[in-house]
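Chains as they are written, first to last, in the numbering used here: chain A, 1 to 197; chain B, 1001 to 1069.
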């Protein structure tokens, strides 16, 4: 098992960047800045990370459709969890990592990333890059959830509709339609697409 | 695999408080029925505000979105 250098916790938490993140009063910006800094630290340890799930939707909708936790798909879960620990996060029984200082909850998910890696969007926060799941993948994920899982279809449909409208950069309609066919959600995609016309 | 992965993602951020209410929304329900909890035009307003907020928060340069500091 790879071990991060001893003293890393002290260095990370006393760094200028961490102090600035901690002092950030805007919740959306605090989460984004932490994520970018954290994924940069992962990158320095040869770990790739992609933001997926509700927090990814939160970024694309600028915090309007906010979520509770941050889901990160990583290429090395052990290192990612060690690093979270160095940032002062505590692992809960649920497997989620909580920072009471930053008021941030993170779920680390081991690869594989289920979407098309070439469609991942790049965001930049100060000097750091943050990779975020493609809106097309997130839209299909929400439509699938609305149609088959039904835990909260209103939320899922709203998020899909919002992503269809606000996604930065052009939506790849062929990729979106192919995914919809593959996941049997063409009907829900049509409904979502028509809702705001 | 895809279904398993999606199940996991959905489970992660499912809100238990709304499961019982939304469970009534079965397959075949029209999207307009699903959206009836919203005041007419509310979702459109939210989406529009999202677009405005995104453009205020991020700046696009060559396909990369940069957080304005």
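We treat Cβ as the ideally placed atom computed from N, Cα and C, and that holds for glycine.
DSSP three-state assignment for residue 74(A), whether helix, strand or coil: One-based indexing of the first chain puts residue 74(A) at position 74. Strand at residue 74(A).
C-alpha gap between residue 15(A) and residue 67(A), whole angstroms: Here the question's residue 15(A) lines up with position 15 in the first chain. Here the question's residue 67(A) lines up with position 67 in the first chain. Using only the alpha carbons, I get a separation of about 28 Å.
When 178(A), 125(A), 165(A), 194(A) are compared against residue 1061(B), the one with the closest alpha-carbon: Along the second chain, one-based indexing puts residue 1061(B) at 61. In this structure, 125(A) is the residue among 178(A), 125(A), 165(A), 194(A) with its C-alpha nearest to the C-alpha of residue 1061(B).
Complete beta strand (DSSP E) runs within the segment 37-85 of chain A (minimum length 3 residues, chain order): Within the segment 37-85 of chain A, complete beta strand (DSSP E) segments of at least 3 residues are found at 49-52, 70-74, given in chain order.
Cβ of residue 1053(B) within 8 Å of any chain A Cβ: In the second chain, residue 1053(B) corresponds to position 53, counting from 1. Chain A has a Cβ within less than 8 Å of the Cβ of residue 1053(B).
Beta carbon proximity, residue 161(A) to chain B, threshold 8 Å: As a working note, residue 161(A) is residue 161 in the first chain. Interface with chain B (8 Å Cβ-Cβ cutoff): residue 161(A) is included.
Endpoints, the alpha helix (DSSP H) within which residue 131(A) is located: Residue 131(A) sits at position 131 when you count from the first residue of the first chain. Taken as a continuous stretch (DSSP letters only), residue 131(A) belongs to no alpha helix (DSSP H), being part of the beta strand (DSSP E) at 128-132.
Between the CA atoms of residue 149(A) and residue 1057(B) - distance to the nearest angstrom: Walking along the second chain from the start, residue 1057(B) turns up at place 57. Walking along the first chain from the start, residue 149(A) turns up at place 149. Residue 1057(B) and residue 149(A) have their alpha carbons spaced roughly 33 Å apart.
Cβ-Cβ separation, residue 54(A) to residue 1053(B) (assumed contact under 8 Å), whole Å: Counting from one through the second chain, the residue named residue 1053(B) turns up at place 53. Counting from one through the first chain, the residue named residue 54(A) turns up at place 54. Contact doesn't hold; Cβ gap of about 17 Å is too wide.
Straight-line gap, residue 82(A) to residue 1059(B) (C-alpha atoms, nearest Å): Here residue 82(A) is taken as the residue at index 82 of the first chain, counted from 1. Here residue 1059(B) is taken as the residue at index 59 of the second chain, counted from 1. In a straight line, the C-alpha of residue 82(A) is about 33 Å away from that of residue 1059(B).
Cross-chain neighbours of residue 32(A) in chain B, by beta carbon under 8 Å: Position 32 of the first chain, counted from the first residue, corresponds to residue 32(A). Contact note: residue 32(A) reaches chain B through 1067, using a C-beta cutoff of 8 Å and chain order.
Residue 140(A) beta carbon less than 8 Å from that of residue 192(A): Numbered from its first residue, the first chain carries residue 192(A) at position 192. Numbered from its first residue, the first chain carries residue 140(A) at position 140. At a Cβ-Cβ threshold of 8 Å, residue 192(A) and residue 140(A) do not count as neighbours.
Residue 112(A) burial status per 10 Å Cβ neighbour count (16 or more: buried): As a position in the first chain, residue 112(A) is number 112, starting the count at 1. Exposed is the call here.
Interface flag, residue 165(A) vs chain B, CB-CB below 8 Å: Taking the first chain and counting its residues from 1, one reaches residue 165(A) at position 165. Residue 165(A) counts as touching chain B.
Start and end residues, alpha helix (DSSP H) containing residue 195(A): Residue numbering aside, residue 195(A) sits at position 195 when the first chain is read from its first letter. Going by DSSP, residue 195(A) is part of the alpha helix (DSSP H) stretching over 186-195.
Three-pair Cβ contact test at 8 Å for the segment 75-92 of chain A versus the segment 129-143 of chain A: Proximity of the segment 75-92 of chain A to the segment 129-143 of chain A falls short of the contact definition, fewer than three beta-carbon pairs being nearer than 8 Å.
Residues that DSSP places opposite residue 125(A) in a beta bridge: Translated into the one-based positions of the first chain, residue 125(A) becomes position 125. Answer is 128(A), bridged to residue 125(A).
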